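Quick note on our numbering: the sequence shown kicks off at 13 and runs consecutively.
Positions of the beta carbon are idealized from the N, C-alpha and C atoms, including for glycine.
It should be emphasised that the depicted structure is a prediction, and the values quoted were computed from it without experimental measurement.
Below is one structure, written out as structure tokens; comments come after it.
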Amino acid sequence: MGNPRVGNPDHKRSQNMPAPENEAIAARMEELLTPLVYNQLSYYQQLGLRERILGLPLMVAAVLTLLWRQVPSVRELHRLLNREDLLWCKARSVSQQALSKRFLEFPASIFEQVMMELIPKLQARWILRKNRPLPTSIRLAKTKYKRIWAVDGSTLEALFRHLESLQ
13 MGNPRVGNPD
23 HKRSQNMPAP
33 ENEAIAARME
43 ELLTPLVYNQ
53 LSYYQQLGLR
63 ERILGLPLMV
73 AAVLTLLWRQ
83 VPSVRELHRL
93 LNREDLLWCK
103 ARSVSQQALS
113 KRFLEFPASI
123 FEQVMMELIP
133 KLQARWILRK
143 NRPLPTSIRL
153 AKTKYKRIWA
163 VDGSTLEALF
173 RHLESLQ
């Protein structure tokens, strides 16, 4: 038997790095969200916020990057912002203090408005996808089995081909 754990693993400092950017997902997010973000610019100005380096488009891109790529901290987000493009925003040199302060002062109501505009679009796309005809192989499998799981392994297959493991 091993030694009992010393300390609470929930209190351990996270060491994870941000996930690499997936260009297809980033392009899709940009396509969906860019018009919605720019629709909110008038509301942004009504709140008395002026356009600056850390303006509405960049802050929305930063929050989405924090969530989607699982960036562990604002400090790491600062490094990312200085080194690489975040979704639809180009890399920019800003101080970590400015970014932290902007996160504290930025109104959540703007993000709420963007989400409220996005939800109907996502629901409409879901309805279209739900009504799409199933492939023949899945239709046939559904007649023989109560439940089926369909998984797309094309990415894994491409990786194996690249590594020449499937020969």
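| Query | Result |
| --- | --- |
| May I have the straight-line CA-CA distance separating Arg137 from Ile122, to the nearest angstrom? | 23 Å |
| Around the Cβ of Thr148, are there at least 16 other Cβ atoms within 10 angstroms (buried) or fewer (exposed)? | exposed |
| Just curious, the alpha helix (DSSP H) that Val75 is in, first and last residue? | 68-80 |
| How far does the alpha helix (DSSP H) with Ala103 in it reach, from first residue to last? | No alpha helix (DSSP H) holds Ala103; DSSP gives it neither H nor E. |
| In chain order, what residues of the same chain have a beta carbon less than 6 Å from the beta carbon of His184, not counting five sequence neighbours either side? | Absent from the structure is residue 184, since the part of the chain shown begins at 13 and ends at 179. |
| Note down, in chain order, each residue of its chain lying with its Cβ closer than 7 Å to the Cβ of Phe118, except the 5 sequence neighbours on either side. | Met71 |
| Alpha carbon to alpha carbon, how far is Val126 from Leu45? | 8 Å |
| Looking only at its own chain, which residues have a Cβ that is under 7 Å from the Cβ of Leu76, when we skip the five neighbours before and after it? | Met41, Leu99 |
| Where does the unbroken alpha helix (DSSP H) through Trp138 begin, and where does it stop? | 120-142 |
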